[in-house]
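Protein sequence lines, in the order shown, are assigned to chains W and H. The numbers in our numbering rise by one with no breaks, and the one at position 76 of the first sequence is 76. To convert a position in the second sequence, counted from 1, into our numbering, add 1000. Heads up: the structure comes next, in structure tokens.
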Amino acid sequence: MAGGVLIFAEHLEGRIAPSTLEAIAIGRELASRSGGPVRVALFGEKVRALADALAGHGVEVLLAEDPALAEYTPDAYGQAAQSIVESTRPRLILVAHTSQGYDLAPALAGTMDLPLVTNCLALRFDGERIVATRRLLNEKVQAEVEIASSRPIVATVRPGAAKAAGPAPGGIVTSTTVRIDGSKVRTRFLSIERPQVQDIDIAGADIIVSAGRGIQKKENLPLIEEFAKALGGVVGASRPLTDMDWLPKTRQVGQSGKTVRPKLYVACGISGAMQHVAGMKDASLIIAINTDPSAPIFEVAHVGIVADVLKLLPATLKELKS
Amino acid sequence: MPLNIVVCLKQIPNPDLQFQIAPDGKDIKREALNYKLNGADEYALEEAVRLKEKSAGRVIALTAGPKRTEQMLREALAKGADEVTRIAFDEPAAYDVGKVARLLAAAIRTLPHDLVLTGVQSDDLVNSATGGLIAGILGLAHASVVTRVESKAGGLEVACELEGGLQRIYSMALPAVLTIQFGANTPRYAPLPAIMKAARQPIKEISPAALGLASWDAVSLPYTFGVRGLSPPAAKGHAEMITGTVEEQAKKLAQLLREKGFARR
């Protein structure tokens, strides 16, 4: 049966990515309104157990196992995805907006000449159209865009945009064969590299004082360190600082760094880009200091201070010592 | 092997600014914005120039945008691009990434390209889609969120960043499209003589006719796209704000930290 929603699952080292379960939740919700099946395509080698686990969420799992799919590569997974789209003709293709997801989805749309909308917070059908809610310009503007097409529409959904799908009955696993032309696989998987940990592990800290671009100069880091020390905490950072090598990569909080859940998180001069917030939003108490009153960090913080961190921290240190 | 490299650049409104919605609700107000080279594209440009320097190759910087993007292209020349080309696509906002990617792909077809680089995302529209679309449209190998590129035996070895700090390493064949991640290198500053020289260098312009189109509206798309409306995001929640002078704020913050048991004394 054509139509419905097709989701491409993501897994690494024997585990389904949490964002895949969120995409399933979004797919189930959309299909409950528009009708049509919810199918999840799972690629890999010897991943039957993962397929069974996914089927426990009430979806049909299209399982394609092939040695060429043992590890993700853009070419092999791209070919497999194309093969599944051609055989199922879904109305909507959902992929989580992860490093792997936004590698796969745009290339699939380009290869098959399909419409594409990415990094969506929400999706809904409106008659013939699909309406996507997105965030622009450092989370400061929300946009609704619409796409209409007779072809399957490819959409990526931002991790954290929905709660993970819970268990549901009625799921099945269907083994599927996909065509992979080895002569057209130009990317070859070599290895997974892990960060070398020779630093403190901020993921275990109770108190984290993190610095962002608002500290302006590397020379201002000692101020952050002094403040962290006064609170008995450690120093973390937003991505731009570790990119500039002001602090080691191990200190980076966010989607591409560490996810932390301290008792206290002080965000100093951090605007609150989605990539950072994903790594610290579950802290028990978040205090944000930023000069920009419209900075999105104030949406997730419990306590906010519009101030120059370079002035506020010395004044606060003085207060704490008095 | 000398590499012919095309690096796709985008000029964006500085995302650190505050934005207002235009009266028709379809765009932001653009009268008073200042524009800059997109953050990730700075790294893509630097990576392109480094790979060119190692291989005695050539870098063409390419953009699709209005006249104001010439300033960014001159910056690219000053930082080491050999040639710059502007697709004279004047739509100021260009919300449909599929359309822009199709224009870029059509232009890249007319240029020598062993390697196409883009930034991993633009900080205004945050699609992370342009590079992948171009790869798909042109049928090129590709890799995304690249933090490291090395030339190896006629191909490349690349490191791609995953969530949680992991990297996936591939070897891949050329020609290829790579989207470059923030922090992949340290972008250079343009030396003054290069800035002076760039001011005099020509900027190639591509019209719709050069891509076989009657107008920019004639781009063939498998869909219709529209912006329904922009709005300020509904705040999920908002922090309780500590106001006053810096001294007053500091006093209240210190008090709060003591109350919650975080201050050591």
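Glycine included, every Cβ here is placed at the ideal spot set by N, Cα and C. Computed from a predicted model, the values in this text were never measured in an experiment.
*asked:* I'd like the span of the alpha helix (DSSP H) that includes W/Ala31, first residue to last.
replied: Pro18 to Ser34
*asked:* On the CB-based measure, 16 or more other CB atoms within 10 Å of its CB, does H/Gly1119 come out buried or exposed?
replied: buried
*Just the Cα atoms here: how many angstroms apart are H/Ser1215 and H/Val1100?*
14 angstroms
*Hey, is W/Asn290's beta-carbon within less than 8 angstroms of any beta-carbon in chain H?*
no
*Does DSSP put W/Leu241 in a helix, in a strand, or in coil?*
helix
_Inter-residue Cα distance where the pair is W/Glu22 and W/Ala161_ = 7 angstroms
*Might you give, ordered along the chain, the residues of its own chain that have their beta carbon closer than 7 angstroms to the beta carbon of H/Glu1046, omitting 5 neighbours on each side?*
Asn1185, Pro1187 and Arg1188
*Does the beta-carbon distance from W/Val131 to W/Arg124 come in below 8 angstroms?*
yes
*Partners in chain W for H/Ile1206, counting only beta-carbon separations shorter than 8 angstroms*: Under the 8 angstroms cutoff, chain W gives no residues; its nearest Cβ is about 20 angstroms from H/Ile1206.
*Out of H/Gly1155, H/Thr1243 and H/Gln1071, which has the shortest C-alpha to C-alpha gap to H/Tyr1170?*
H/Gly1155
_Can you tell me whether H/Tyr1170 is helix, strand or coil according to DSSP?_
strand
*Cβ-based neighbour list, H/Asp1096, same chain, cut-off 6 angstroms, excluding 5 preceding and 5 following*: Phe1225
*Keeping to the same chain, check which residues put their C-beta closer than 7 angstroms to that of W/Ala70; ignore five residues upstream and five downstream.*
Gly44 and Glu45
*Which residues in the same chain as W/Pro326 place their Cβ atom closer than 6 angstroms to its Cβ, once the five residues preceding and following it in sequence are excluded?*
Residue 326 of chain W lies beyond the residue range present for chain W, which begins at 1 and ends at 322; the question has no answer from this structure.
*Any idea what DSSP makes of H/Leu1230, helix, strand or coil?*
strand
_Contacting residues, own chain, Cβ-Cβ under 6 angstroms from H/Ala1135 (five flanking each side not counted)_ = His1142 and Val1177
*What is the rounded straight-line gap between the Cα of H/Arg1168 and the Cα of H/Met1241?*
42 angstroms
_Assumed close pair W/Leu136, H/Leu1125 - CB separation to whole angstroms, cut-off 8 angstroms_ = 6 angstroms
_Residue nearest to H/Tyr1043 in terms of C-alpha spacing, selected from H/Ala1218, H/Thr1179, H/Pro1208 and H/Pro1232_ = H/Thr1179
*asked:* Tell me the DSSP secondary structure of H/Val1097 in three-state form.
replied: helix
_Is the separation between the beta-carbon of W/Glu65 and that of H/Ala1159 shorter than 8 angstroms?_
no
_Give me the chain W residues within the contact set of H/Pro1187, using Cβ-Cβ distance strictly less than 7 angstroms, ordered along the chain._
Near H/Pro1187 there are no residues of chain W at all, since even the closest Cβ is about 10 angstroms away, more than 7 angstroms.
*asked:* Considering just the uninterrupted stretch of the alpha helix (DSSP H) at W/Val59, what are its terminal residues?
replied: Where W/Val59 is concerned, there is no enclosing alpha helix (DSSP H), given that its DSSP letter is neither H nor E.
*Can you name, in chain order, every residue of its own chain whose Cβ lies under 6 angstroms from the Cβ of H/Gln1020, other than the five neighbours on each side?*
Lys1029
*For W/Glu144, which residues in chain H fall below 7 angstroms Cβ to Cβ?*
Arg1228 and Gly1229
*If you follow the beta strand (DSSP E) that H/Glu1150 is part of, which residue opens it and which one closes it?*
Ala1141 to Lys1152
*Got a sec? Which residues, its chain only, sit under 6 angstroms from W/Ile93 by beta carbon, not counting five neighbours each side?*
Leu6, Pro152 and Val154
*Give the single residue among W/Arg33, W/Gly272 and W/Ile180 whose Cα lies nearest to the Cα of W/Ala76.*
W/Ile180
*Quick one: using the 10 Å Cβ neighbour count with 16 as the cut-off for buried, is W/Asp199 buried or exposed?*
exposed
*Figure out for me which residue from H/Glu1247, H/Arg1228 and H/Phe1262 has the closest Cα to the Cα of W/Asp126.*
H/Arg1228
*Which residues, in order along the stretch 1122-1143 of chain H, keep a beta-carbon less than 9 angstroms from a beta-carbon of chain W?*
Asp1123, Asp1124, Leu1125, Val1126, Asn1127, Ser1128, Ala1129, Thr1130, Gly1131, Gly1132, Leu1133, Ile1134, Ala1135, Gly1136, Ile1137, Leu1138, Gly1139, Leu1140, Ala1141, His1142 and Ala1143
*asked:* Under DSSP, the beta strand (DSSP E) around W/Asp44 begins and ends at which residues?
replied: Looking at the sequence provided, one finds Gly at residue 44 of chain W rather than Asp. Counting along the chain, the beta strand (DSSP E) containing W/Gly44 begins and ends at Val38 to Gly44.
*asked:* Against chain H, which members of the stretch 109-132 of chain W pass a CB distance test of less than 7 angstroms?
replied: Ala109, Gly110, Thr111, Asp113, Leu114, Pro115, Leu116, Thr118, Asn119 and Val131
*Output, in chain order, the set of chain H residues within a Cβ distance shorter than 9 angstroms of W/Phe323.*
Because chain W is modelled from 1 through 322, residue 323 of chain W falls outside the range shown and cannot be assessed.
_Under DSSP, the beta strand (DSSP E) around W/Ile207 begins and ends at which residues?_
Ile207 to Ala211
*Below 8 angstroms on the Cβ atoms is my guess for H/Ser1144 versus W/Tyr102; work out the distance and round it to an integer in Å.*
6 angstroms
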